[in-house]
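For what it's worth, the working numbering labels the leading residue of the sequence shown as 55, then goes sequentially. Beta carbons: idealized from backbone N, C-alpha and C, even for Gly.
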Amino acid sequence: GGGGGATITIEQTSGPFRLGFLSTDDFGQSFTATASGVLNQVDFLLAASTSNSTLHVFAGNTVSGTPIYSQSGISTGSGWQSIALSTPVALSNGQVYTVQLTNSSVKYTGSNAYAGGSYWYNSINYTVFDGAFRVYIETNAARPGVSSTDLLGVVAFEVYPNPASDRLFIMGGEQAQAIRLLDIMGREVMMVPPHATEIKVSHLQPGIYLLQVTQGSQVLTQRISIR
(Lines of atoms letter the chains of each structure in order from A and count residues from 1; the text may use other names and numbers.)
(Lines give C-alpha, C1' and ligand atoms only; values in the text may rest on other atoms or scores of the structure.)
Protein backbone atom coordinates (compact mmCIF):
# COMPACT_ATOMS: atom_id res chain seq x y z
CA GLY A 1 0.00 0.00 0.00
CA GLY A 2 0.88 3.66 -0.16
CA GLY A 3 1.05 4.64 3.49
CA GLY A 4 2.48 7.93 4.64
CA GLY A 5 -0.67 9.82 3.69
CA ALA A 6 -1.80 12.89 5.58
CA THR A 7 -5.21 14.25 6.50
CA ILE A 8 -5.97 17.74 5.18
CA THR A 9 -8.75 19.65 6.97
CA ILE A 10 -10.66 22.44 5.21
CA GLU A 11 -12.93 24.34 7.59
CA GLN A 12 -14.96 27.41 8.42
CA THR A 13 -16.10 27.09 12.04
CA SER A 14 -18.08 30.27 12.70
CA GLY A 15 -21.86 29.74 12.71
CA PRO A 16 -23.84 32.24 14.80
CA PHE A 17 -26.86 32.29 12.47
CA ARG A 18 -29.48 29.86 11.18
CA LEU A 19 -31.99 29.87 8.30
CA GLY A 20 -35.22 27.97 8.80
CA PHE A 21 -36.32 26.61 12.17
CA LEU A 22 -37.38 23.13 11.15
CA SER A 23 -34.99 20.46 9.93
CA THR A 24 -36.83 20.19 6.61
CA ASP A 25 -34.46 22.19 4.40
CA ASP A 26 -31.38 21.16 2.45
CA PHE A 27 -28.17 22.94 3.38
CA GLY A 28 -24.80 22.77 1.71
CA GLN A 29 -21.38 24.34 1.43
CA SER A 30 -18.98 24.34 -1.49
CA PHE A 31 -15.22 24.09 -0.97
CA THR A 32 -12.05 23.92 -3.03
CA ALA A 33 -9.92 20.80 -2.52
CA THR A 34 -6.38 21.84 -1.53
CA ALA A 35 -4.99 18.36 -2.21
CA SER A 36 -5.85 15.26 -4.22
CA GLY A 37 -7.06 12.38 -2.09
CA VAL A 38 -10.26 10.92 -0.69
CA LEU A 39 -12.97 12.70 1.29
CA ASN A 40 -13.69 10.50 4.30
CA GLN A 41 -15.51 12.73 6.82
CA VAL A 42 -17.70 15.85 6.83
CA ASP A 43 -18.63 17.86 9.94
CA PHE A 44 -21.47 20.38 10.17
CA LEU A 45 -22.63 22.73 12.95
CA LEU A 46 -26.37 22.00 13.21
CA ALA A 47 -29.02 24.21 14.83
CA ALA A 48 -31.27 21.19 15.49
CA SER A 49 -31.11 17.41 15.42
CA THR A 50 -31.65 15.64 12.10
CA SER A 51 -33.52 12.47 11.23
CA ASN A 52 -33.11 10.38 8.09
CA SER A 53 -30.99 12.97 6.30
CA THR A 54 -28.91 12.29 3.18
CA LEU A 55 -25.37 13.54 2.58
CA HIS A 56 -24.69 14.40 -1.07
CA VAL A 57 -21.36 15.33 -2.64
CA PHE A 58 -21.53 17.23 -5.95
CA ALA A 59 -18.72 18.08 -8.38
CA GLY A 60 -18.67 21.87 -8.71
CA ASN A 61 -20.40 24.69 -6.82
CA THR A 62 -23.87 23.23 -7.34
CA VAL A 63 -26.62 21.18 -5.69
CA SER A 64 -28.29 20.12 -8.95
CA GLY A 65 -27.58 17.28 -11.34
CA THR A 66 -26.31 13.86 -10.27
CA PRO A 67 -24.20 13.81 -7.09
CA ILE A 68 -20.90 11.93 -7.29
CA TYR A 69 -21.76 10.41 -3.87
CA SER A 70 -24.84 9.99 -1.66
CA GLN A 71 -25.21 8.44 1.80
CA SER A 72 -28.72 8.17 3.27
CA GLY A 73 -30.22 7.29 6.65
CA ILE A 74 -28.19 9.82 8.65
CA SER A 75 -29.59 10.90 12.03
CA THR A 76 -27.67 13.23 14.33
CA GLY A 77 -28.03 15.48 17.34
CA SER A 78 -27.53 19.26 17.22
CA GLY A 79 -24.24 21.14 17.53
CA TRP A 80 -21.08 19.94 15.79
CA GLN A 81 -21.79 16.56 14.18
CA SER A 82 -19.41 14.31 12.25
CA ILE A 83 -20.52 12.15 9.32
CA ALA A 84 -18.06 9.43 8.30
CA LEU A 85 -18.42 8.44 4.65
CA SER A 86 -19.05 4.73 4.26
CA THR A 87 -17.23 4.88 0.90
CA PRO A 88 -14.52 7.55 0.60
CA VAL A 89 -14.88 9.86 -2.42
CA ALA A 90 -11.92 10.71 -4.68
CA LEU A 91 -11.25 14.47 -4.91
CA SER A 92 -8.80 16.34 -7.15
CA ASN A 93 -6.60 19.22 -6.06
CA GLY A 94 -7.96 22.62 -7.12
CA GLN A 95 -11.44 21.33 -7.99
CA VAL A 96 -14.58 22.71 -6.32
CA TYR A 97 -17.07 20.33 -4.64
CA THR A 98 -20.30 20.87 -2.68
CA VAL A 99 -21.34 18.86 0.38
CA GLN A 100 -25.08 18.97 1.13
CA LEU A 101 -27.09 17.59 4.05
CA THR A 102 -30.82 17.20 3.39
CA ASN A 103 -33.48 17.68 6.12
CA SER A 104 -31.11 19.70 8.26
CA SER A 105 -30.29 23.16 9.62
CA VAL A 106 -26.60 23.92 9.03
CA LYS A 107 -25.63 27.16 10.79
CA TYR A 108 -23.73 29.90 8.97
CA THR A 109 -21.74 33.08 9.33
CA GLY A 110 -23.00 36.32 7.78
CA SER A 111 -19.73 37.07 6.00
CA ASN A 112 -17.61 35.52 3.27
CA ALA A 113 -15.25 34.03 5.86
CA TYR A 114 -14.08 31.18 3.59
CA ALA A 115 -12.90 32.20 0.11
CA GLY A 116 -12.94 28.72 -1.46
CA GLY A 117 -16.71 28.24 -1.55
CA SER A 118 -20.11 29.42 -0.36
CA TYR A 119 -23.33 28.49 1.46
CA TRP A 120 -26.33 26.72 -0.09
CA TYR A 121 -29.88 26.97 1.29
CA ASN A 122 -32.10 24.61 -0.73
CA SER A 123 -31.39 25.72 -4.33
CA ILE A 124 -30.21 29.24 -3.37
CA ASN A 125 -26.47 29.97 -3.34
CA TYR A 126 -25.54 32.68 -0.80
CA THR A 127 -22.12 33.68 -2.10
CA VAL A 128 -21.56 36.18 0.73
CA PHE A 129 -22.19 33.61 3.50
CA ASP A 130 -20.42 30.43 4.55
CA GLY A 131 -21.74 27.45 6.45
CA ALA A 132 -20.01 26.12 9.56
CA PHE A 133 -18.29 23.00 8.24
CA ARG A 134 -15.17 20.86 8.12
CA VAL A 135 -14.12 18.38 5.44
CA TYR A 136 -11.30 15.87 5.83
CA ILE A 137 -9.25 14.76 2.81
CA GLU A 138 -6.93 11.77 3.21
CA THR A 139 -4.00 12.22 0.84
CA ASN A 140 -1.80 9.49 -0.56
CA ALA A 141 1.92 10.09 -0.31
CA ALA A 142 2.73 7.56 -3.04
CA ARG A 143 2.61 8.76 -6.64
CA PRO A 144 -0.90 8.18 -8.02
CA GLY A 145 -1.27 5.82 -10.93
CA VAL A 146 1.53 3.44 -9.95
CA SER A 147 -1.28 1.12 -8.82
CA SER A 148 -0.53 2.36 -5.32
CA THR A 149 -3.48 1.78 -3.03
CA ASP A 150 -3.89 4.29 -0.28
CA LEU A 151 -4.92 3.60 3.32
CA LEU A 152 -8.55 3.16 2.29
CA GLY A 153 -7.91 0.66 -0.49
CA VAL A 154 -8.77 3.05 -3.32
CA VAL A 155 -6.49 2.71 -6.31
CA ALA A 156 -5.47 6.24 -7.19
CA PHE A 157 -6.05 7.50 -10.70
CA GLU A 158 -5.04 10.74 -12.34
CA VAL A 159 -6.35 12.31 -15.54
CA TYR A 160 -4.34 14.77 -17.62
CA PRO A 161 -4.28 17.19 -19.34
CA ASN A 162 -7.28 18.89 -17.77
CA PRO A 163 -8.63 20.89 -19.58
CA ALA A 164 -8.11 18.71 -22.67
CA SER A 165 -8.86 19.26 -26.35
CA ASP A 166 -7.54 16.21 -28.22
CA ARG A 167 -6.64 13.33 -25.91
CA LEU A 168 -7.05 12.45 -22.24
CA PHE A 169 -4.53 10.21 -20.51
CA ILE A 170 -5.62 8.13 -17.50
CA MET A 171 -2.89 7.13 -15.07
CA GLY A 172 -4.18 4.11 -13.18
CA GLY A 173 -6.75 3.32 -15.90
CA GLU A 174 -5.23 -0.12 -16.37
CA GLN A 175 -6.57 -0.97 -12.89
CA ALA A 176 -10.17 -0.11 -13.87
CA GLN A 177 -12.99 -2.59 -14.53
CA ALA A 178 -15.10 0.10 -16.24
CA ILE A 179 -14.54 3.65 -17.50
CA ARG A 180 -17.43 5.91 -18.53
CA LEU A 181 -17.51 9.48 -19.76
CA LEU A 182 -20.68 11.34 -18.68
CA ASP A 183 -22.00 14.81 -19.37
CA ILE A 184 -22.67 17.14 -16.44
CA MET A 185 -26.26 15.82 -16.21
CA GLY A 186 -24.94 12.28 -15.72
CA ARG A 187 -25.80 11.01 -19.23
CA GLU A 188 -23.24 8.69 -20.78
CA VAL A 189 -21.59 10.28 -23.84
CA MET A 190 -18.87 7.73 -24.46
CA MET A 191 -18.20 4.12 -23.55
CA VAL A 192 -14.48 3.69 -22.88
CA PRO A 193 -12.85 0.23 -22.99
CA PRO A 194 -11.83 -0.96 -19.49
CA HIS A 195 -8.09 -0.68 -18.76
CA ALA A 196 -7.85 2.23 -21.24
CA THR A 197 -5.03 4.66 -20.53
CA GLU A 198 -5.89 7.14 -23.31
CA ILE A 199 -9.20 8.55 -24.65
CA LYS A 200 -9.69 10.58 -27.83
CA VAL A 201 -11.95 13.54 -27.00
CA SER A 202 -11.47 15.85 -30.01
CA HIS A 203 -14.98 15.01 -31.33
CA LEU A 204 -16.74 16.12 -28.10
CA GLN A 205 -18.48 19.47 -27.65
CA PRO A 206 -16.51 21.83 -25.38
CA GLY A 207 -17.78 21.81 -21.80
CA ILE A 208 -17.60 20.02 -18.46
CA TYR A 209 -17.71 16.21 -18.34
CA LEU A 210 -17.40 13.57 -15.62
CA LEU A 211 -15.03 10.63 -16.03
CA GLN A 212 -16.25 7.71 -13.92
CA VAL A 213 -13.76 4.93 -13.16
CA THR A 214 -14.86 1.70 -11.44
CA GLN A 215 -12.10 -0.03 -9.48
CA GLY A 216 -13.34 -3.00 -7.46
CA SER A 217 -16.23 -1.77 -5.30
CA GLN A 218 -15.18 1.89 -5.67
CA VAL A 219 -16.59 4.30 -8.23
CA LEU A 220 -14.30 7.31 -8.60
CA THR A 221 -15.45 10.42 -10.45
CA GLN A 222 -13.21 13.11 -11.93
CA ARG A 223 -14.48 16.37 -13.40
CA ILE A 224 -13.01 17.01 -16.87
CA SER A 225 -13.03 20.17 -18.94
CA ILE A 226 -12.99 19.75 -22.75
CA ARG A 227 -12.22 22.85 -24.80
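So residue i packs on residue j, CB below 8 Å; how close in whole Å?
i    : j    : result
S90  : N147 : 4 Å
T86  : I62  : Rounded, the Cβ-Cβ distance is 12 Å, inconsistent with contact.
R275 : I122 : It should be pointed out that residue 275 corresponds to Thr in this sequence rather than to Arg. Sure, about 4 Å apart at Cβ, within 8 Å.
P260 : R241 : 17 Å between Cβ atoms; not a contact.
V243 : L258 : 7 Å
L155 : G133 : That belief does not hold up - the Cβ atoms of L155 and G133 are roughly 14 Å apart, past 8 Å.
N106 : G131 : Contact doesn't hold; Cβ gap of about 14 Å is too wide.
I191 : L145 : 6 Å
I137 : V96  : 5 Å
I262 : S279 : 6 Å
T120 : T152 : Incorrect: roughly 13 Å between the Cβ atoms, too far for contact.
Could you check where the beta strand (DSSP E) with residue i kicks off and where it finishes?
i    : result
P142 : 133-145
N179 : 178-180
E212 : 212-214
D79  : 79-86
G74  : First-last for G74: undefined, no H or E at that position.
E192 : 187-193
T116 : Where T116 is concerned, there is no enclosing beta strand (DSSP E), given that its DSSP letter is neither H nor E.
A101 : Counting along the chain, A101 falls outside any beta strand (DSSP E), and DSSP gives it neither H nor E.
F223 : 221-225
G261 : 261-269
Q149 : Taken as a continuous stretch (DSSP letters only), Q149 belongs to no beta strand (DSSP E), as it is neither H nor E.
V246 : 242-246
Measure the alpha-carbon distance for residue i versus residue j and round it to whole angstroms.
i    : j    : result
S177 : P248 : 36 Å
R277 : T108 : 22 Å
T67  : T141 : 25 Å
V150 : F112 : 9 Å
A309 : N157 : Outside the shown range of the chain, which is 55 to 281, sits residue 309, and nothing can be said about it.
L139 : F71  : 26 Å
Q266 : G82  : 23 Å
N216 : T104 : 39 Å
W52  : D79  : Because residue 52 is not part of the residues shown, which for the chain are 55 to 281, the question remains open.
L93  : T193 : 9 Å
M239 : G114 : 12 Å
S118 : F98  : 20 Å
I224 : F75  : 47 Å
A169 : G270 : 36 Å
R234 : G69  : 40 Å
Mind the definition here: the region 146-166 touches the region 181-188 only if three or more C-beta pairs lie below 8 Å; say whether that holds.
-> Segment contact: the region 146-166 against the region 181-188, three or more CB-CB distances shorter than 8 Å; contact assigned.
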